[in-house]
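Presented below is the structure to which this report refers.
Protein chains: 2
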Amino acid sequence: MFDRVTFIGIGLIGSSMARVMKRDGLAKTIVACARRKETLDTCLKLGIADEVTPDYAAAVKNADLIVIATPISTNGEIAKAIGPHLKPGAIVTDVGSVKQAVIDAVSPHIPKGAHFVPAHPLAGTEHSGPEAGFPELFQGRWCIITPLPGSDASAVQKVRDFWEKAGSKIETMQADHHDKVLAITSHLPHLIAFTIVGTADDLAEDLKQEVIQYSASGFRDFTRIAASDPVMWRDVFMNNREAVLEILQRFTEDLTALQRAIRRGDGEALQTLFARTRAIRRGVIDAKQA
Amino acid sequence: MFDRVTFIGIGLIGSSMARVMKRDGLAKTIVACARRKETLDTCLKLGIADEVTPDYAAAVKNADLIVIATPISTNGEIAKAIGPHLKPGAIVTDVGSVKQAVIDAVSPHIPKGAHFVPAHPLAGTEHSGPEAGFPELFQGRWCIITPLPGSDASAVQKVRDFWEKAGSKIETMQADHHDKVLAITSHLPHLIAFTIVGTADDLAEDLKQEVIQYSASGFRDFTRIAASDPVMWRDVFMNNREAVLEILQRFTEDLTALQRAIRRGDGEALQTLFARTRAIRRGVIDAKQA
Numbered sequence: 001m002f003d004r005v006t007f008i009g010i011g012l013i014g015s016s017m018a019r020v021m022k023r024d025g026l027a028k029t030i031v032a033c034a035r036r037k038e039t040l041d042t043c044l045k046l047g048i049a050d051e052v053t054p055d056y057a058a059a060v061k062n063a064d065l066i067v068i069a070t071p072i073s074t075n076g077e078i079a080k081a082i083g084p085h086l087k088p089g090a091i092v093t094d095v096g097s098v099k100q101a102v103i104d105a106v107s108p109h110i111p112k113g114a115h116f117v118p119a120h121p122l123a124g125t126e127h128s129g130p131e132a133g134f135p136e137l138f139q140g141r142w143c144i145i146t147p148l149p150g151s152d153a154s155a156v157q158k159v160r161d162f163w164e165k166a167g168s169k170i171e172t173m174q175a176d177h178h179d180k181v182l183a184i185t186s187h188l189p190h191l192i193a194f195t196i197v198g199t200a201d202d203l204a205e206d207l208k209q210e211v212i213q214y215s216a217s218g219f220r221d222f223t224r225i226a227a228s229d230p231v232m233w234r235d236v237f238m239n240n241r242e243a244v245l246e247i248l249q250r251f252t253e254d255l256t257a258l259q260r261a262i263r264r265g266d267g268e269a270l271q272t273l274f275a276r277t278r279a280i281r282r283g284v285i286d287a288k289q290a
Numbered sequence: 001m002f003d004r005v006t007f008i009g010i011g012l013i014g015s016s017m018a019r020v021m022k023r024d025g026l027a028k029t030i031v032a033c034a035r036r037k038e039t040l041d042t043c044l045k046l047g048i049a050d051e052v053t054p055d056y057a058a059a060v061k062n063a064d065l066i067v068i069a070t071p072i073s074t075n076g077e078i079a080k081a082i083g084p085h086l087k088p089g090a091i092v093t094d095v096g097s098v099k100q101a102v103i104d105a106v107s108p109h110i111p112k113g114a115h116f117v118p119a120h121p122l123a124g125t126e127h128s129g130p131e132a133g134f135p136e137l138f139q140g141r142w143c144i145i146t147p148l149p150g151s152d153a154s155a156v157q158k159v160r161d162f163w164e165k166a167g168s169k170i171e172t173m174q175a176d177h178h179d180k181v182l183a184i185t186s187h188l189p190h191l192i193a194f195t196i197v198g199t200a201d202d203l204a205e206d207l208k209q210e211v212i213q214y215s216a217s218g219f220r221d222f223t224r225i226a227a228s229d230p231v232m233w234r235d236v237f238m239n240n241r242e243a244v245l246e247i248l249q250r251f252t253e254d255l256t257a258l259q260r261a262i263r264r265g266d267g268e269a270l271q272t273l274f275a276r277t278r279a280i281r282r283g284v285i286d287a288k289q290a
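Just so you know, the sequences run in chain order Y and A. With the first letter of the first sequence counted as 1, position 48 gets the number 48 in the working numbering; the numbers rise by one all the way through. With the first letter of the second sequence counted as 1, position 201 gets the number 201 in the working numbering; the numbers rise by one all the way through.
Written as structure tokens, this is what we have:
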């Protein structure tokens, strides 16, 4: 499928993609590029990369496919560094959880003749680093591709083909719409989980220990979400600010209404809402996302 | 262990307890008492009750153990109805997610010579009704017993023995402390999940369908929690108002601080919090609650 594939950043997502390529023989040579020597050594040891280098220019030389899989805030600077060294026809893709900000940062640095195909696999775990990856991570999960107006059709198709090999279901979408949908399905839930776990962390030590001990009654699910990579998530919120703040505003209004209902003892308002939310769960099960 | 056990209310929790008793031969006769004929028929059909009746007085006659497993708001009225018909030495227990309000409602109706032992198994699923139960539900989960000052020690021990047979780990606690801990570990997480799923339910239809389709990226976990029994949860919030409002207030303050950090582009504040919440997950894993 590809002669030479370069991963810039090779944590949970990048290393899982590399494992898919190794498993299915999709790349003759895989190059891993990361700043930390330890990460590169791990990639060699795990056999998920054939060559490693901390140097952007050397990493992308002669590569057919370049996957940027670092926290979003670094993407612009990486694109600037690799742009001049891309070979004609090279495809650059990414895996960021925000698409418009990445497009704005990366596109200007992609030279004529090379192609940028933004993509976002909706997959992950709360673990980070190249050791955390596994090739089945994307199996049955969505990958959203947000092609640019005028994107090269065959480049888009190649990225699509890779994600299909990885077992993903593919959807294409406009970047700003992607960011709005993900603000609701992913970014706000993460923000809330981080918040509630932080609130618990601020409790007096005795009470905190009890909260951990009895976490299985609901809190536990939030701790799993709130164990996700801090830098990655910082960048998500910094780069999808408007959409996140808009949905957060709605959520806060709704929470205030519930708070008022509890304070006033309005059980009917609570029950009506709680019955309504059950129906959404049914939708999630029907969509085979449960 | 018991000659005659009566369940008043036999949904997910009650029917799971009855299944444990059937499995381990802990009761000669199990009586199910519920208002709806359909529920009683289901219990007979499933073989989890030997006798059924909608009548409180008839249900508790000669029973050694009476388990109240209905939504909390009904517990006072049930205690009032069964009190005069309890045999000397009868043990009344419950399974409510709030303890102080239940004690206040039930205790005054328990006659001298009978014993009330409040308990709360920290177990459940998002499914309801007698069909939803299974005997392994309590395996490895906590059951918190909140004995009253002056509770009969042998009655407490009998309730404890049952929960141990069910596979639970037992902890005793003061009722008001239980309510404070559960407000954080369970009630607030449920309130937030109900809220966010409600916020999504209010979206325009197209966007709502997309949120369901891409729910696996975080939102899904909230929909599962928000599919829990509406009446049960209404009663939890109505009966643990103070503790819930207090922790909700803290949560809201913390969320407002994060909102401000996002608006101002203060990535460092976000990253610091996100790194901190990871440590709590480690605690949950160490406590074998993950």
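Backbone N, C-alpha and C fix where the C-beta goes; we use that ideal spot for every residue, glycine too.
- For A175(A), the nearest beta carbon of chain Y is not closer than 8 Å to its own beta carbon.
- Between the alpha carbons of T74(A) and M17(A) lies a gap of roughly 20 Å.
- Here R234(Y) is near G267(A), since their CB atoms are less than 8 Å apart.
- With respect to L273(A), G198(Y) sits close: the two C-beta atoms are nearer than 8 Å.
- In the DSSP assignment, V5(Y) forms a beta bridge with I30(Y), L65(Y).
- Here P230(A) carries a helix assignment [DSSP, helix/strand/coil].
- Distances from the CA of V31(Y) to each of H85(Y), L40(Y), L137(Y), I280(Y) were compared; the closest alpha carbon is that of L40(Y).
- If you draw a straight line from the Cα of A183(A) to the Cα of G14(A), it is about 23 Å long.
- Within the same chain, L12, I13, L137, S228 come within 8 Å of G124(Y) by CB-CB distance, once the 5 residues on both sides are set aside.
- Residues of the region 78 to 90 of chain A with a Cβ closer than 8 Å to any Cβ of chain Y: none.
- For V117(Y), the pairing in a beta bridge is given by DSSP as T93(Y).
- In the DSSP annotation of this structure, V20(A) is not part of any beta strand (DSSP E); the continuous alpha helix (DSSP H) holding it starts and ends at 12 to 24.
- Scanning chain A for C-beta atoms nearer than 8 Å to the C-beta of S16(Y) yields nothing, as the closest lies near 16 Å away.
- For the region 203 to 223 of chain A, the beta-carbon criterion of a distance under 9 Å to any beta-carbon of chain Y is satisfied by L203, L207, K208, Q209, E210, V211, I212, Q213, Y214, S215, A216, S217, G218, F219, R220, D221, F222, T223.
- Interface criterion not met: the Cβ of Q100(A) is under 8 Å from no Cβ in chain Y.
- Counting C-beta atoms within 10 angstroms of its own C-beta, E210(A) has 16 or more neighbours from the protein chains shown and is therefore classed as buried.
- Counting only the Cα atoms, A59(Y) lies some 12 Å from R35(Y).
- By the Cβ rule, the region 138 to 151 of chain Y counts as touching the region 159 to 177 of chain Y, because three or more pairs are nearer than 8 Å.
- Only residues of its own chain outside the window of five on either side were considered, and among them G11, L12, D229 have a CB closer than 6 Å to the CB of S128(Y), listed in chain order.
- At a cut-off of 8 Å between C-beta atoms, W163(Y) does not count as an interface residue with respect to chain A.
- In terms of beta-carbon proximity, V67(A) stays away from the interface with chain Y, with every pair separated by 8 Å or more.
- At a cut-off of 8 Å between beta-carbon atoms, R141(Y) makes contact with chain A.
- The C-alpha of M238(Y) lies about 9 Å from the C-alpha of R264(A).
- Chain Y has a Cβ within less than 8 Å of the Cβ of A275(A).
- The alpha carbon of H109(Y) has as its nearest neighbour, out of G96(Y), G83(Y), S97(Y), the alpha carbon of G83(Y).
- It is roughly 16 Å from the alpha-carbon of R281(Y) to the alpha-carbon of L207(A).
- When the alpha-carbon of R220(Y) is set against those of Q174(A), A269(A), D286(A), the nearest one is in D286(A).
- For secondary structure counted as the beta strand (DSSP E) over 3 or more consecutive residues, the region 122 to 178 of chain A holds these complete runs in sequence order: 142 to 145, 169 to 172.
- For the pair K22(A) and D3(A), the CB atoms are not nearer than the 8 Å cut-off.
- At a cut-off of 8 Å between beta-carbon atoms, I262(A) makes contact with chain Y.
- Out of A155(A), P130(A), G9(A), Q213(A), the CA that lies nearest to the CA of I68(A) is found in G9(A).
- Within the model, the alpha-carbon separation for L191(A) versus A257(Y) is close to 12 Å.
- Within chain Y, the residues placing a beta-carbon under 7 Å from that of Q271(A) are P230, V231, R234, ordered along the chain.
- The C-beta separation of A119(Y) from D94(Y) comes to about 7 Å, placing the pair in contact by the 8 Å criterion.
- Within chain Y, the residues placing a beta-carbon under 9 Å from that of F237(A) are L258, A261, I262, G267, L270, ordered along the chain.
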